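Those sequence lines, one after another, are chains Y and B. Add 621 to a position in the first sequence, counting from 1, and you land on the number used in our numbering. Add 621 to a position in the second sequence, counting from 1, and you land on the number used in our numbering. Just so you know, even glycine gets a beta-carbon here, dropped at the ideal spot from N, CA and C. Model, not experiment: these values are computed from the prediction. A short worksheet on the structure shown next.
Protein chains: 2
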Amino acid sequence: MNKYNILENRFPGRRAALKREILEQALYCFNELGVEATTIDAIKARCDTSVGAIYHHFGNKEGILSALFFAALDDQRQHLEQELAGANSLREAVFCIIGSYLDWVVANPEWARFLYQARSPVAKGPFQEELKDRNIQNYRKLKDQLLGFSKGDVKIVQPFEILFSLIIGPSENYCRAWLSGRVKGSPQEYRGEFAESAWRSLQW
Amino acid sequence: MNKYNILENRFPGRRAALKREILEQALYCFNELGVEATTIDAIKARCDTSVGAIYHHFGNKEGILSALFFAALDDQRQHLEQELAGANSLREAVFCIIGSYLDWVVANPEWARFLYQARSPVAKGPFQEELKDRNIQNYRKLKDQLLGFSKGDVKIVQPFEILFSLIIGPSENYCRAWLSGRVKGSPQEYRGEFAESAWRSLQW
DNA sequence: TCTTTTGCAGAATATTATTCTGTTTTGTTT
DNA sequence: AAACAAAACAGAATAATATTCTGCAAAAGA
Numbered sequence: 622m623n624k625y626n627i628l629e630n631r632f633p634g635r636r637a638a639l640k641r642e643i644l645e646q647a648l649y650c651f652n653e654l655g656v657e658a659t660t661i662d663a664i665k666a667r668c669d670t671s672v673g674a675i676y677h678h679f680g681n682k683e684g685i686l687s688a689l690f691f692a693a694l695d696d697q698r699q700h701l702e703q704e705l706a707g708a709n710s711l712r713e714a715v716f717c718i719i720g721s722y723l724d725w726v727v728a729n730p731e732w733a734r735f736l737y738q739a740r741s742p743v744a745k746g747p748f749q750e751e752l753k754d755r756n757i758q759n760y761r762k763l764k765d766q767l768l769g770f771s772k773g774d775v776k777i778v779q780p781f782e783i784l785f786s787l788i789i790g791p792s793e794n795y796c797r798a799w800l801s802g803r804v805k806g807s808p809q810e811y812r813g814e815f816a817e818s819a820w821r822s823l824q825w
Numbered sequence: 622m623n624k625y626n627i628l629e630n631r632f633p634g635r636r637a638a639l640k641r642e643i644l645e646q647a648l649y650c651f652n653e654l655g656v657e658a659t660t661i662d663a664i665k666a667r668c669d670t671s672v673g674a675i676y677h678h679f680g681n682k683e684g685i686l687s688a689l690f691f692a693a694l695d696d697q698r699q700h701l702e703q704e705l706a707g708a709n710s711l712r713e714a715v716f717c718i719i720g721s722y723l724d725w726v727v728a729n730p731e732w733a734r735f736l737y738q739a740r741s742p743v744a745k746g747p748f749q750e751e752l753k754d755r756n757i758q759n760y761r762k763l764k765d766q767l768l769g770f771s772k773g774d775v776k777i778v779q780p781f782e783i784l785f786s787l788i789i790g791p792s793e794n795y796c797r798a799w800l801s802g803r804v805k806g807s808p809q810e811y812r813g814e815f816a817e818s819a820w821r822s823l824q825w
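Structure below.
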């Protein structure tokens with residue numbers, strides 16, 4: 622796999638070429654101007670297409686937003702699962718989760734930026750149920766996977782509810798700051814620090 | 622101070638009554654429908670006022686959003702500084718920061734919810750410079766305050782850039798989850814866990 | 001080749017944000 | 001208190017934007 626492409630991966634083939642183009646330009650606009658300030662006309666202009674085509678493919682603005690959002694979410698998720706498959710202890714799992722997250726954000730900064738800013742709109746929009754379902758599914762799956770390990774010799778903070786936040790919270794917060802330019806060091810530089818810190822934080 | 626009110630505090634007096642009312646109803650609409658889906662008409666209807674009045678006070682939709690956003694941000698900030706004033710060590714400071722954050726979110730859930738979802742729009746909009754400035758100011762101030770302590774006997778993770786993320790990341794992540802209903806336990810319940818965990822996480 | 005489906009274009013329409021003009025209320029000065 | 005100025009407010013008019021609709025073209029299947 623030379624250089625994987627999230628859009629090519631999700632909407633493959635020649636016939637979906639314009640669809641991908643629209644999404645790519647929409648992603649650019651959303652990130653550059655913000656979700657609300659992005660107009661259909663602006664997207665149309667960057668694709669050299671028609672409103673008809675856009676509405677044919679996505680129904681409405683919310684449809685474009687959601688298509689992008691779920692494409693990014695699924696890709697990030699897939700990346701996590703690949704990494705996590707190799708973990709053999711809770712400690713390794715924590716390192717995988719954090720490493721995978723940081724890697725993905727650094728590899729796909731534009732998608733990551735979009736993911737952060739699009740979550741709220743999508744959570745309110747017509748696809749809110751789909752988002753909720755996925756959250757629940759993912760939560761359960763990851764929970765089971767982590768609980769499978771925790772019979773080790775270390776004592777872990779209770780309850781389980783707060784575990785995810787302890788693991789991913791710092792990395793997430795830092796990535797946001799990095800993407801917005803508030804901090805300069807690449808998240809990957811601090812891979813080790815975030816992983817070790819998280820591991821320390823959740824031991825009694 | 623019996624029951625402080627963010628709006629009353631920021632826009633005091635009889636003449637600002639409608640202004641406060643508009644903001645209150647706008648807050649409700651933004652949280653209920655989402656920022657983009659909230660129309661001026663919807664806000665107007667809930668206030669029983671006119672578009673003229675709304676535009677007189679805020680200029681445009683972005684103006685309403687920003688007024689709400691900075692009101693919330695400043696209140697949260699003020700709360701933090703009050704708490705932090707009593708800290709006498711780095712450990713105490715960390716506990717103050719986290720405690721203050723959790724308290725504020727639980728005391729003002731609607732405002733907190735809004736703060737999360739409005740950050741991106743404001744960061745893109747016409748007040749982006751003002752937001753950047755405040756971020757820089759606050760960052761410096763807090764940095765100096767923390768560095769004033771760190772000559773203690775404990776070794777702290779480097780560099781400073783990642784420190785804030787380690788401290789506030791987990792709490793922030795959990796509060797978001799709580800406000801969106803993904804987890805049930807009140808953030809205040811886990812006050813101790815978040816503070817202790819954060820403290821462990823940033824020690825060598 | 002014929003037929004059906006899908007992709008696309010652009011004018012027409014509907015919705016929403018914003019402006020503008022006039023009126024009323026409030027505060028200030030004399 | 002009267003006169004003036006400034007701020008608050010109302011609502012019609014306008015502008016910007018999202019969405020629909022109708023028709024045509026390309027592609028796929030029979």
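Is residue i near residue j, with beta carbons less than 8 Å apart?
{"i": "Y/ALA819", "j": "Y/GLY720", "result": "no"}
{"i": "Y/LEU701", "j": "Y/GLN809", "result": "no"}
{"i": "Y/ALA693", "j": "Y/LEU736", "result": "yes"}
{"i": "B/ARG734", "j": "B/LEU800", "result": "yes"}
{"i": "B/ALA714", "j": "B/PHE770", "result": "yes"}
{"i": "Y/ILE627", "j": "Y/TRP725", "result": "no"}
{"i": "B/LEU823", "j": "B/LEU767", "result": "no"}
{"i": "B/GLU683", "j": "Y/ASN794", "result": "no"}
{"i": "B/ILE675", "j": "B/ILE661", "result": "yes"}
{"i": "B/ASN756", "j": "Y/ARG803", "result": "yes"}
{"i": "Y/ARG761", "j": "B/ARG821", "result": "no"}
Excluding sequence positions up to five away, which residues of its chain have a Cβ less than 8 Å from the Cβ of residue i?
{"i": "B/ARG667", "result": "GLN646, TYR649 and CYS650"}
{"i": "B/VAL656", "result": "LEU686, GLN738, ALA739 and PRO742"}
{"i": "Y/ILE788", "result": "VAL715, ILE718, ILE719, ALA819 and LEU823"}
Quick check on this structure: which residue in the options has the alpha carbon closest to the alpha carbon of residue i?
{"i": "B/ALA688", "options": "B/GLU751, B/GLY707 and B/ALA706", "result": "B/GLU751"}
{"i": "Y/LEU763", "options": "Y/ASN630, Y/ILE675 and Y/GLU704", "result": "Y/GLU704"}
{"i": "B/ILE783", "options": "Y/GLN758, Y/PHE735 and Y/ARG812", "result": "Y/ARG812"}
{"i": "B/GLY806", "options": "Y/SER792, Y/GLN824 and Y/SER786", "result": "Y/SER786"}
{"i": "B/LEU654", "options": "Y/GLU793, Y/ILE789, Y/ASN794 and Y/PRO747", "result": "Y/PRO747"}
{"i": "B/ALA658", "options": "Y/PHE690, Y/LYS745, Y/GLN779 and Y/TYR760", "result": "Y/LYS745"}
{"i": "B/ASN709", "options": "B/GLY773, B/ASP754 and B/GLU629", "result": "B/GLY773"}
{"i": "B/PRO730", "options": "B/ALA706, B/ASN652, B/ALA663 and B/GLY707", "result": "B/ASN652"}
{"i": "B/ASN845", "options": "B/PHE691, B/HIS678, B/GLN758 and B/ALA663", "result": "Residue 845 of chain B falls outside the range modelled here, since chain B spans only 622 to 825, and no answer is possible."}
Just mark residue i as buried or exposed, buried being the case when its beta carbon has 16 or more other beta carbons within 10 Å.
{"i": "Y/ALA638", "result": "exposed"}
{"i": "B/ASP696", "result": "buried"}
{"i": "B/VAL672", "result": "exposed"}
{"i": "B/PHE781", "result": "exposed"}
{"i": "Y/ASN681", "result": "exposed"}
Skipping 5 residues on each side, what residues in its chain have a beta carbon closer than 7 Å to that of residue i?
{"i": "B/MET622", "result": "Because B/MET622 sits at a pLDDT of 49, beneath the cut-off of 50, its placement in the model cannot be relied upon, and the following sentence gives the value as read from the coordinates. Closer than 7 Å at Cβ, skipping near neighbours: no residue."}
{"i": "B/PRO791", "result": "PHE815, SER818 and ALA819"}
{"i": "Y/ASP765", "result": "none"}
Mind checking which residues open and close the alpha helix (DSSP H) that includes residue i?
{"i": "B/GLY689", "result": "The question names Gly, but residue 689 of chain B in the sequence shown is Leu. Counting along the chain, the alpha helix (DSSP H) containing B/LEU689 begins and ends at 682–705."}
{"i": "Y/GLY655", "result": "No alpha helix (DSSP H) holds Y/GLY655; DSSP gives it neither H nor E."}
{"i": "Y/GLU629", "result": "627–631"}
{"i": "Y/GLU793", "result": "784–800"}
{"i": "Y/PHE770", "result": "749–770"}
{"i": "Y/PHE815", "result": "812–822"}
{"i": "Y/PRO808", "result": "Note, Y/PRO808: premise wrong, no alpha helix (DSSP H); not H, not E."}
{"i": "B/ASP662", "result": "661–668"}
{"i": "B/PHE679", "result": "672–679"}
If you drop the 5 nearest sequence neighbours on each side, which residues of the same chain put their C-beta closer than 6 Å to that of residue i?
{"i": "B/PHE632", "result": "LYS640 and ARG641"}
{"i": "B/TRP825", "result": "LYS776"}
{"i": "Y/CYS796", "result": "VAL726 and PRO808"}
{"i": "B/GLN749", "result": "none"}
{"i": "Y/LYS753", "result": "none"}
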